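Peer 1:
In the numbering used here, the protein residues as written are 69 to 235.
1. I'd like to know whether the C-beta atoms of residue 196 and residue 222 end up nearer to each other than 8 Å.
2. For residue 102, which residues from the same chain have a beta carbon less than 8 Å from its beta carbon, with the 5 sequence-adjacent residues on both sides left out?
3. Hey, residue 107 and residue 91: beta-carbon distance below 8 Å or not?
4. Let me know the secondary structure DSSP gives residue 165 once reduced to three states.
5. Go through its chain and collect everything with a Cβ distance to residue 152's Cβ below 6 Å, but skip five positions before and after it.
6. Could you tell me the alpha carbon to alpha carbon distance between residue 234 and residue 139, rounded to whole angstroms?
7. On the CB-based measure, 16 or more other CB atoms within 10 Å of its CB, does residue 210 come out buried or exposed?
8. Among 206, 98, 219, 104, which residue has its Cα nearest to the Cα of residue 154?
9. Based on the DSSP secondary-structure assignment, which residues constitute the bridge partners of residue 11?
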């Protein structure tokens, strides 16, 4: 009986201590930002950022060489802040040298457990609460870059009428 209780305690403790690691880490935001903050506020926080727009999706990119996940990065490495159609922050991507891709996956697996989805150029962990993380590699010619992306999926929907949508 005592062994059964100890076994159950170990199982419960393991589940509690490891559950929610991704959400616990990234649920509030990253780099002094909060999910859902407006484009203008993030631009004010990073005035040197480069603005990219594709239709109604915006992205701010900064050069930032800080070490991320224990992986060193060049001083001109990029961090991109991605916004939804209502200009609210809903994603961040951190860029690494392509040769760091497998180190990045190893580090993320150590921190957050085994990834759920894999293809030739990315791995993705199961969504944890409102957050999902992905490691991908982008190959172009003779160069490549590894990308660690954090996506937030709990922003409230925008209220709009059918007329406002064009119906």
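Beta carbons are placed, not taken as given, at the ideal position from N, Cα and C, and that holds for glycine.
Small disclaimer: the values here were computed from a predicted structure and weren't measured.
Peer 2: Here's the rundown:
1. To locate residue 196, count along the chain shown from 1; it is residue 128. To locate residue 222, count along the chain shown from 1; it is residue 154. Residue 222 sits away from residue 196, with the two beta carbons spaced by 8 Å or more.
2. Residue mapping note: residue 102 aligns to position 34 of the chain shown, counting from 1. Excluding positions up to five away in sequence, the list reads 96, 157.
3. The residue labelled residue 107 in the question sits at position 39 within the chain shown. The residue labelled residue 91 in the question sits at position 23 within the chain shown. With respect to the 8 Å criterion, residue 107 and residue 91 are not classified as neighbours on the basis of their beta carbons.
4. As a first step, residue 165 is located in the chain shown; it is residue number 97 there, counting from the start. In this structure, residue 165 counts as strand in the three-state DSSP scheme.
5. For the purposes of this step, residue 152 is taken as residue 84 along the chain shown, with counting starting at 1. Cβ neighbours of residue 152 within its own chain (closer than 6 Å, five residues either side excluded): 158.
6. One-based indexing of the chain shown puts residue 234 at position 166. One-based indexing of the chain shown puts residue 139 at position 71. Looking at the two C-alpha atoms, the distance is approximately 48 Å.
7. What you label residue 210 is simply residue 142 of the chain shown in a count that begins at 1. The residue is exposed, with fewer than 16 neighbouring Cβ atoms inside 10 Å.
8. For the purposes of this step, residue 154 is identified with residue 86 of the chain shown, where counting begins at 1. Sorting 206, 98, 219, 104 by C-alpha distance to the C-alpha of residue 154 places 104 at the top.
9. In the structure displayed, the chain extends from 69 to 235; residue 11 sits before or after that span and is not available.
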